[in-house]
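Read top to bottom, the protein sequences are chains A and B. Quick note on numbering: my numbering labels position 31 of the first sequence as 64, and the sequence is numbered without any gaps. Quick note on numbering: my numbering labels position 45 of the second sequence as 1227, and the sequence is numbered without any gaps.
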Amino acid sequence: MRSPLETSAISTFETLALLFAEAEPGHPSSPSLSSSASRDVALAHAMCVRFTGVGADAFDGALVVAVSDDVARALAGNMLGVAPAQADVQARRDALGEVTNVVCGNVLPLLGGRRAVFHLGAPHPVPLAAVDALADAGGVPHGPARRERLVVESGAAVVALFAPDHRLHAERPAPGRCMFAAEAA
Amino acid sequence: MAFNVLIVDDSAVMRTMIARVVRLSGVPLGEFYEASNGAEGLAIVQERWVDLVLLDINMPVMNGEEMLERMRAHPDTAHLPVIVVSTESSETRVHALEQHGVAFVHKPFAPEDLRATILRVTGVTPEDEYYAVPAGNVGDLDF
């Protein structure tokens, strides 16, 4: 069974960007987001969206989506109608930024509940090398709390969600169980 | 009737995507306007004739909720058709939006879903769909 983060990311790549995506089969979680995906596809672009919760039980965090260059070009091509080979860096970042925004907007209700209200910041680029250090900036909890690796067409993507640990005590549940152990109520 | 359309979204990528769907929807189009936040959008609907608004919610300067409230509070824009296109799924906020009589398309959207909503809200039936309507029953034909 897919995690909510995986579900949100795959749905966004497929529905919004028209790119086939699936979880990378059999790949154990890497301690580092900036390292290359196991399929020797280098990640080239990363965009981040910070979010702040409003009200009781609110929490803050950030979502990062990093993709290989061919995926970024395909995003620009499908979403902006430009030829992938001619998509400049800005077009690639803009398209990836929107994907990041939509993934974030879809995964947050699954973490905070349908009554939770979040305000999302504008997507902004982050250096891949700095992504693992993101937790040290801006009060975001330390370390990526949840990370999913995806195969997107012939390229790769990594989606990392930074949020309080108790919100992301996620495991691959048996069918019928709640997605997140901490959210069973 | 040609529709003047306004797209309000802080993402230039999303405005481009929505514009492409609108142009391919079959709705006869007049003027096309874009705004990157609710304040810009509000200025456009107050100064120009707009027949349909496609509106994001989470935007800087002025969000979509505030723009919608101000539109509904003014007699000239109170009944302007609005389609909210957003990732927003908070029950509280969605319920508040629905009180303003808007249609809702959730991101990520399939282009055909947005198109179907545009056609439903505008009441337009594209020409190529006329031929799918049966003319009558064979038994009714009198030779």
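Positions of the beta carbon are idealized from the N, C-alpha and C atoms, including for glycine. No experiment lies behind these values; they were computed from the predicted model shown.
Annotation for A124(A): A109, L113 and V115 place their beta carbon closer than 7 angstroms to its own, counting only its chain and skipping 5 residues before and after. Residues of the region 1269 to 1286 of chain B whose Cβ lies closer than 8 angstroms to any Cβ of chain A, in chain order: T1269, E1270, S1271, S1272, E1273, T1274 and R1275. Around M1199(B), the beta-carbon contacts reaching into chain A at under 7 angstroms are M112. In this structure the region 1266 to 1281 of chain B does not lie against the region 1222 to 1230 of chain B, because fewer than three pairs of beta carbons, one per stretch, are closer than 8 angstroms. Between the region 77 to 88 of chain A and the region 153 to 164 of chain A, the count of C-beta pairs closer than 8 angstroms reaches three or more; the two stretches touch.
In this structure, E1216(B) keeps its C-beta atom at 8 angstroms or more from the C-beta atom of I1239(B).
For A1201(B), the enclosing alpha helix (DSSP H) begins and ends at A1194 to L1206.
Note on A1278(B): under 16 other CB atoms within 10 angstroms of its CB, so exposed under the neighbour-count rule.
The three-state reading of DSSP puts V1284(B) in coil, since its state is none of H, G, I, E or B. Taking a 10 Å sphere around the C-beta of R179(A), we find 16 or more other C-beta atoms and assign the residue as buried.
Close partners of R147(A) in chain B (Cβ separation under 8 angstroms): S1271, S1272 and E1273.
The C-beta distance from I1265(B) to L1237(B) rounds to 7 angstroms, short enough to meet the 8 angstroms contact threshold.
One Cα belongs to A120(A), the other to D102(A), and the distance between them is close to 11 angstroms. With respect to V1232(B), V1204(B) sits apart: the two C-beta atoms are not nearer than 8 angstroms. When DSSP reads this structure, L1236(B) sits in a beta bridge with I1189(B) and I1265(B). For V98(A), the nearest beta carbon of chain B is not closer than 8 angstroms to its own beta carbon. Within the model, the alpha-carbon separation for P1293(B) versus V1287(B) is close to 10 angstroms. Contacts with chain B at 8 angstroms (Cβ-Cβ) do not include A56(A). Look at T45(A): its C-beta is under 8 angstroms from a C-beta on chain B. Taking a C-beta distance under 8 angstroms as the contact criterion, M1253(B) and L1262(B) qualify as a contact pair.
Scanning the region 96 to 166 of chain A from its first residue to its last, the whole beta strand (DSSP E) runs of 3-plus residues come out as 150 to 153. For F92(A), the secondary structure class from DSSP, reduced to helix, strand or coil, is coil. The beta carbon of V184(A) sits closer than 6 angstroms to the beta carbons of E55 and E57 from its chain, once the five residues preceding and following it are set aside; these are given in chain order. Below the 8 angstroms Cβ cutoff, chain A contributes T48 and L49 as neighbours of F1291(B), in chain order. In the three-state reduction of the DSSP assignment, H1277(B) falls in the helix class, which pools H, G and I. Residue environment: L1206(B) is assigned as exposed (fewer than 16 neighbouring CB atoms within 10 Å of its CB, all protein chains considered).
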